[in-house]
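Everything in the sequence shown is counted per my numbering, starting at 129 for the first residue and increasing by one. Note that beta-carbon positions come from the ideal geometry of N, C-alpha and C, so glycine has one too. The structure displayed is predicted, hence computed values, not measured ones. Below is one structure; the comments refer to it alone.
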Amino acid sequence: MRSKPSEHGRGRRGERGAALVMSLLIAMLLLAAGGALIATAGMTVSNATDATAEVQAYYAADAGLQAALSVVRHNRASTVNGLASDFHTFACGTAAVCVNSGNDLSQWLGSMPRPLGTNLSYTLTVTDPSLTAGANIAANYSPRYLLIRSVGRGPRGAVKVMEMMVDNFPFDFTARAAIAIRSNDTDTTGMTAFTLGSSNPHEWTGNDLAGLAPPLPAFVVTNTADYDAGDGFGAPPGNAQGKGEAAINHDNQNVSGQTLLAKLSPSALQSWLGNATQARAFLTAMRAKAAAAGRLNPSDYGSTSSPKFSFVDGDAGGDGAGLMIVTGTWSQGGSTKFHGVILALGDGVVARNGNPDTTGAVVLANFQHNYDSLTGSYTGAGGFGSPSITTAGGGNSLVGYDSDWVRKAMDTLGNRVVGIIEK
């Protein structure tokens, strides 16, 4: 039997170094991979911790805005005896003149920064965005808007900044004149009536009776038929006369303001008077607010010491103060007085006789407005029709723009947040 020689006993001496090197390389790779895993895990824990701190800082900043909002909505009493809660004092911290450098609302919330827990706090700054930093805020001036800045601080030095803009008015409103008239959609169709009074003196003025704001036109309209009939305002009688032009030309000694009569595009009047559908939606929203507040068809219309929001579905008139929305005819007679804003929206009719006074601002618009109790909304067809102003007598009467009464009227419905940003 033949046998094959075995090589088992022969050593592979030349391969022993290569195996050692290979083992070391593999061990080093495993060590590097393990180190990378440990480092990655460590970094993940750090990021999670930082992210948690950032979230805590964010919530601290948000808590600051919520605290500020509770102050500007009059849900916090001032700790300073006798200090009113209004947009002037929120920006100044005092009823006196101040510099627009930022109040911190400490008069209502306590000293800043306000702690919320361990390593959590917020700091507030309130300014008037319409003025430059360092400008004076007069004692008799109240800002329309406030810019509230909240800086939230969390653990590990985390910081978040949030800003909120608050409008002192509850809806989009800017007084354009003592009497603002949303004219007929048809440019050649004028108002059904436009008379200013036959007994002297009777004043219609766009000059601010409060002395706080620039003068406005006495009247504004939105179509040619109510303005100048197309041949230029102030053309002598005998030429074409717009409804407003004719009324003022016969009575301009009793009309004053930045201008006696101005024409605006409908979109420049108020956003909710752009078209009749928007006007009906506005009426629907305001009626709902009135019903919720118990001010739908109320028995009183407020007073100078207690202005109120009132919504009347139908005719209304007489003494009062605040914000009045009336869908029928607004009537004033005798020596009655109303201070604030009157929105005659629907029938768009103002009827005056005797010597009544109206100070603030008045807006008229005529459109179909049928209330549907099932849907809780106003419905109607078509666009804007022709409103009406009539005055019988009028001796010693007054209709005048008053910026302070406009502000007080808007105060009856509270303020609104118009924007929040994170920085």
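message = For a quick check, are the C-beta atoms of Lys536 and Pro435 less than 8 Å apart?
response = Position 408 of the sequence shown holds residue 536. Position 307 of the sequence shown holds residue 435. Pairing Lys536 with Pro435 gives a Cβ-Cβ distance under 8 Å.
key: Unbroken alpha helix (DSSP H) run spanning Asn377, endpoints   = Start at 1 with the first residue of the sequence shown, and residue 377 comes out as number 249. Per DSSP, Asn377 belongs to the alpha helix (DSSP H) from Lys371 to Asn377.
Gly430 vs Gly450 beta-carbon contact at 8 Å = If you number the sequence shown from 1, residue 430 lands on position 302. If you number the sequence shown from 1, residue 450 lands on position 322. It is a contact, given that the beta carbons lie within the stated cut-off.
key: Cβ pair count under 8 Å reaching 3, the segment 507–520 against the segment 296–312   = Yes, the segment 507–520 touches the segment 296–312.
inquiry  = Once the 5 residues before and after Val279 are set aside, which same chain residues still bring their CB inside 7 Å of it?
reply    = On the sequence shown, position 151 is the one that residue 279 refers to. Once the five neighbours on either side are set aside, the close Cβ partners of Val279 are Ala189, Tyr250, Thr251, Val287 and Val289.
ask   = Beta-carbon separation of Gly504 and Ala416 under 8 Å?
value = Indexing the sequence shown from 1 puts residue 504 at position 376. Indexing the sequence shown from 1 puts residue 416 at position 288. Yes.
message = Can you tell me whether Ala479 is helix, strand or coil according to DSSP?
response = For the purposes of this step, residue 479 is taken as the residue at position 351 of the sequence shown. Of the three classes helix, strand and coil, the one that applies to Ala479 here is strand, per DSSP.
query = What three-state label does DSSP hand Arg281 in the structure shown?
reply = To locate residue 281, count along the sequence shown from 1; it is residue 153. It is a strand residue.
key: Through-space distance from Gly385 to Asn209, alpha-carbon basis   = Mapped onto the sequence shown, residue 209 falls at position 81. Mapped onto the sequence shown, residue 385 falls at position 257. Approximately 40 Å, taken between the alpha carbons.
inquiry  = When you compare the CB positions of Gly508 and Asn494, do they come within less than 8 Å of one another, or not?
reply    = What you label residue 508 is simply residue 380 of the sequence shown in a count that begins at 1. What you label residue 494 is simply residue 366 of the sequence shown in a count that begins at 1. No, the Cβ-Cβ distance between Gly508 and Asn494 is not below 8 Å.
query = With a cut-off of 8 Å, do at least 3 Cβ pairs link the segment 210–221 to the segment 266–275?
reply = Taking 8 Å as the limit for Cβ pairs, the verdict is that the segment 266–275 does touch the segment 210–221.
request  = Would you kindly check if the distance between the Cβ of Gly192 and the Cβ of Ser327 is under 8 Å?
outcome  = Counting from 1 along the sequence shown, the entry for residue 327 is found at position 199. Counting from 1 along the sequence shown, the entry for residue 192 is found at position 64. Judged by beta-carbon spacing, Gly192 lies beyond the 8 Å limit of Ser327, meaning their Cβ atoms are not closer than that value.
request  = Just the C-alpha distance for Asp354 and Thr207, rounded to the nearest angstrom, thanks.
outcome  = Numbered from 1 along the sequence shown, position 226 holds the residue referred to as residue 354. Numbered from 1 along the sequence shown, position 79 holds the residue referred to as residue 207. Using only the alpha carbons, I get a separation of about 53 Å.
inquiry  = Could you tell me the alpha carbon to alpha carbon distance between Thr317 and Asp359, rounded to whole angstroms?
reply    = On the sequence shown, residue 317 is found 189 positions in, with the first residue counted as 1. On the sequence shown, residue 359 is found 231 positions in, with the first residue counted as 1. Here the C-alpha atom of Thr317 lies approximately 15 Å from the C-alpha atom of Asp359.
query = What is the rounded straight-line gap between the Cα of Thr350 and the Cα of Leu233?
reply = Taking the first residue of the sequence shown as 1, we reach residue 350 at position 222. Taking the first residue of the sequence shown as 1, we reach residue 233 at position 105. About 43 Å.
ask   = Among the residues of its own chain, which have a CB less than 8 Å from the CB of Arg201, if the five just before and after it don't count?
value = Counted from its first residue, the sequence shown places residue 201 at position 73. If we look at Arg201 and ignore the five residues flanking it on each side, its Cβ neighbours are Gly542 and Asn543.
inquiry  = According to DSSP, is Gln184 part of a helix, a strand, or is it coil?
reply    = Reading the sequence shown from its first residue, position 56 is the one you call residue 184. Correct three-state label for Gln184: helix.
Beta-carbon proximity of Met240 to Ile548, cut-off 8 Å = Taking the first residue of the sequence shown as position 1, residue 240 is located at position 112. Taking the first residue of the sequence shown as position 1, residue 548 is located at position 420. Taking 8 Å as the Cβ cut-off, Met240 and Ile548 do not qualify as a contacting pair.
ask   = If you draw a straight line from the alpha carbon of Ala205 to that of Ala212, how long is it in whole angstroms?
value = Your numbering for residue 205 matches position 77 in the sequence shown. Your numbering for residue 212 matches position 84 in the sequence shown. Cα-Cα distance, rounded: 9 Å.
task = Give me the Cα-Cα distance between Gly372 and Ala390, rounded to the nearest whole angstrom.
result = Counting from one through the sequence shown, the residue named residue 372 turns up at place 244. Counting from one through the sequence shown, the residue named residue 390 turns up at place 262. Looking at the two C-alpha atoms, the distance is approximately 9 Å.
message = Between which two residues does the beta strand (DSSP E) holding Arg310 run?
response = Reading the sequence shown from its first residue, position 182 is the one you call residue 310. Element bounds for Arg310: Ile307 to Arg310.
query = Can you name the start and end residues of the beta strand (DSSP E) that Val75 belongs to?
reply = Residue 75 falls outside the range modelled here, since the chain spans only 129 to 551, and no answer is possible.
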